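Quick mapping for you: the protein sequence lines, in order, are chains A and B. So in my numbering, the last one in the first sequence is 208, and the numbering has no gaps at all. So in my numbering, the last one in the second sequence is 208, and the numbering has no gaps at all. Where a beta carbon is used, it is the ideal one built from N, C-alpha and C, also for glycine. No experiment lies behind these values; they were computed from the predicted model shown. Below is one structure, written out as C-alpha cells, with a few remarks after it.
Protein chains: 2
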Amino acid sequence: MAPRDVPYIVVSRLPLYLRALTFLAEEGKEITSSQELGKKLGLSPAQIRKDLSHFGEFGKQGTGYEIGYLQQQLKRILKVTAKWQMALIGTGDLGRAIVLHYGGFERRGFHIATVFDRDPRKIGKKLGQFEILNSQLIPQYVGKAGIKIAILAVPASEAQNVAENLIQAGIRAILNYAPITLSVPHSIQVQYMDPVIYLQRMTYYLE
Amino acid sequence: MAPRDVPYIVVSRLPLYLRALTFLAEEGKEITSSQELGKKLGLSPAQIRKDLSHFGEFGKQGTGYEIGYLQQQLKRILKVTAKWQMALIGTGDLGRAIVLHYGGFERRGFHIATVFDRDPRKIGKKLGQFEILNSQLIPQYVGKAGIKIAILAVPASEAQNVAENLIQAGIRAILNYAPITLSVPHSIQVQYMDPVIYLQRMTYYLE
DNA sequence: TAGATTGTTAATCGATTAACAATC
DNA sequence: TAGATTGTTAATCGATTAACAATC
C-alpha cells in the first residue's frame, strides 16, 4: 500500500502541496492544476506531477486536480488524518510560547498532550492547562500513551541527553528547537528549527 | 573573490558546519577532520571536503582543520562577521517571544533593530525596549537604516502583502514564520519556519 | 619513515525536466 | 472536435561518492 522507496526529497514537498491546496480551498476554488500549484510554490509543473505519481493517479487529463480530493489523499499519505499526540520538553520562553499561544499545531492536526521540565522550581506548577511534569517521568508518560512525537525546547547542552531519554521511552520523531545536530538511530526522525541556520543561508547572498 | 555558481545545496550546509565547529570549540578542541565533522553531522567526509573546496583550501593534509581558522573562514563566506540589523514585523505571541526572550539571535550575530505592527492598539506601546511602530512607516525606517533582513511574524493572510511592502522598502531577505509560500522576485531570499511542515515531513515515516 | 588526511578527479548515482501519447 | 492537462518515459542535468596522489 505505502509505496516503497519514495525519495525523501519528494516526501519533503508533500506538506507544501497540502498547505497550498488548503489555501486554494479557503479561497473557494475546487479545481487546480500542476501548473497553478507550481506557480504558487515556485516549482515546475512536471515536478509536481512526478512527485504525485509516486503515490497514485489523482488527477484527470484535460482538467487537473479536484482540490478536496487531492487534499484528502495527501493527508492520508502523510498520515495526518487523525490528530497526533505530542510531548513538549522544556518550558523556557520558547516552550511557553508554543503551549500558551501558538494555535497552529492544534488547528493543523497536532496536539500537545504532556509537558515536561527538569527544573524543580517549575515541576508541579501549571503551564496553561498543563501540570509541568518531572522530565524523569518521561518513560512513564510517553511510551504507553501513544505519544510518538516530541517537541524538544531545552538548551543545546541538554538536548542530546533528553533526546536519548525520549527515544528510550518510545518517541519516534523529534522536532528539535535546540541549536545542535542530534545523534540518533536511523529509525528516528528529526527535524530542525534553529532560525539562525536559516538566516545564515540567506546572508551568503547579501552584500 | 566570492566564487561563482556555488550550488545552493552546498551553501545551505555551511551554517551547519559553522555550528558544529562552534560546538567543538566550546569543548576546547582545536583541530578537527572531515571525518569527525561528518560523523557529528551525519554527512560523508568526502562531501564536507568537496563543499569546502568550492571556497578554498582550509585544511592541512595529514592533520585536518584548525577549528578557529575554519570557523573564521566560514563566517567570512557566510558574511556573518559583523552583526546584521533586522526588522521584526508582527507583535503577536510569536513576535513577542522572539523579541523578549529569544537570546539566540543576538548571541549569534543578528540584532533586532525595529519592531512593527499594524494594530492601532499596539502602535506606540512598548515591546521590551522597543516602541512598536506603525507598519506604514516601514519605508521610512527600513531602507536607509541599512536593514536588509526582516522577520515576518504576521498572520498568513497578511504575509504576502507585508512582504511586498518590505521588498519595496529595500528588504533583501525574509525569515518567514507565516504558514504560506511567498511570491517574491528571484533576487529576494526567503526562508520558511512553519513547524507544521516539518512535523508532516516526519509523520509520513511513522505508523 | 609510517600513518593520516586533504583536495580533486572521474565514476556513480539520483533528481529534474522535456516531450508526448492518452484522454477528459 | 479543439484545447487542456495528466501520467510516464527517456534524456538531461547535477550532486554525491570512491579513490588516490600529494603531503603534512
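I'd like to check one pair, residue j with residue i: are the Cβ atoms closer than 9 Å?
| i | j | result |
| --- | --- | --- |
| B/E67 | B/K76 | no |
| B/A154 | B/G65 | no |
| B/D52 | B/Y18 | yes |
| B/A164 | B/V143 | no |
| B/G63 | B/Q74 | no |
| A/I24 | B/P196 | Checking the sequence, you will find Phe at residue 24 of chain A rather than Ile. No, these two residues do not count as a Cβ contact at 9 Å. |
| B/R173 | A/L207 | yes |
| B/A151 | B/L176 | yes |
| A/Q190 | A/A146 | no |
| A/L89 | A/I113 | yes |
| B/R108 | B/V81 | no |
| B/F117 | B/G91 | yes |
| A/L79 | A/L15 | yes |
| B/P46 | B/S35 | yes |
| A/L44 | A/T33 | no |
| B/D94 | A/A98 | yes |
| A/V12 | B/Y205 | yes |
Three-state secondary structure (DSSP) at residue i?
| i | result |
| --- | --- |
| B/L176 | strand |
| A/M2 | Confidence at A/M2 is low in this model, with a pLDDT of 43, below 50, so the placement of that residue should be treated as unreliable; the coordinate-derived value is given next. In the structure shown, A/M2 sits in coil (DSSP, three-state: anything other than H, G, I, E or B). |
| B/I181 | coil |
| B/K51 | helix |
| B/A164 | helix |
| A/L134 | strand |
| B/V81 | coil |
| A/L44 | coil |
| A/L128 | strand |
| A/Q190 | strand |
| A/L89 | strand |
| A/K30 | coil |
| A/G57 | coil |
| B/K76 | helix |
| B/Q62 | coil |
| B/E159 | helix |
| B/E208 | coil |
| B/G39 | helix |
Against residue i, what residues of chain B qualify as contacts under a CB-to-CB distance less than 8 Å, listed in chain order?
| i | result |
| --- | --- |
| A/G105 | P180, D195, P196 and V197 |
| A/Q201 | L15, P16, L19, L79 and V81 |
| A/D94 | A98, L101, H102 and Y103 |
| A/A174 | L200, M203, T204, Y206 and L207 |
Can you list the residues of chain A that residue i reaches, using a CB-CB cut of under 8 Å?
| i | result |
| --- | --- |
| B/Q192 | Y199, L200, R202 and M203 |
In terms of residues, what are the limits of the beta strand (DSSP E) holding residue i?
| i | result |
| --- | --- |
| A/E67 | G65 to E67 |
| A/F106 | Counting along the chain, A/F106 falls outside any beta strand (DSSP E), though it belongs to the alpha helix (DSSP H) covering G105 to R108. |
| A/H112 | F111 to D118 |
Residue i: which of the options sits nearest, CA to CA?
| i | options | result |
| --- | --- | --- |
| A/L138 | A/R119, A/Q73, A/Q190 and A/G147 | A/R119 |
| A/Q169 | A/L128, A/K149 and A/I181 | A/K149 |
| A/K41 | B/G39, B/T115 and B/Q161 | B/Q161 |
| A/R20 | B/E208, B/Y206, B/R202 and B/L207 | B/R202 |
| B/K127 | B/F111, B/Q141, B/I198 and B/L101 | B/L101 |
| A/E159 | A/G171, A/P140 and A/S136 | A/S136 |
| B/I49 | B/I10, B/E28 and B/K30 | B/I10 |
| B/Q141 | B/A157, B/G171 and B/A26 | B/G171 |
| A/G129 | A/P121, A/I181 and A/T115 | A/T115 |
| A/K84 | A/E31, A/Y178 and A/F111 | A/F111 |
Would you kindly report the start and end of the unbroken alpha helix (DSSP H) that includes residue i?
| i | result |
| --- | --- |
| B/T23 | Y9 to E27 |
| B/V155 | No alpha helix (DSSP H) holds B/V155; DSSP gives it neither H nor E. |
| B/T204 | P196 to T204 |
| A/D94 | D94 to R97 |
| A/V143 | I139 to V143 |
Given that residue i touches chain A, what residues does it touch there, using C-beta distances under 7 Å?
| i | result |
| --- | --- |
| B/K149 | L207 |
| B/R109 | V197 |
| B/K41 | T182 |
| B/F24 | I181 |
Given that residue i touches chain B, what residues does it touch there, using C-beta distances under 7 Å?
| i | result |
| --- | --- |
| A/V12 | R202 and Y205 |
For a test of your reading of the model: does the CB of residue i fall under 8 Å from any non-hydrogen atom of the ligand NAD? Yes or no.
| i | result |
| --- | --- |
| A/G63 | Ligands are entirely absent from the displayed structure, and the ligand NAD is therefore not among its contents. |
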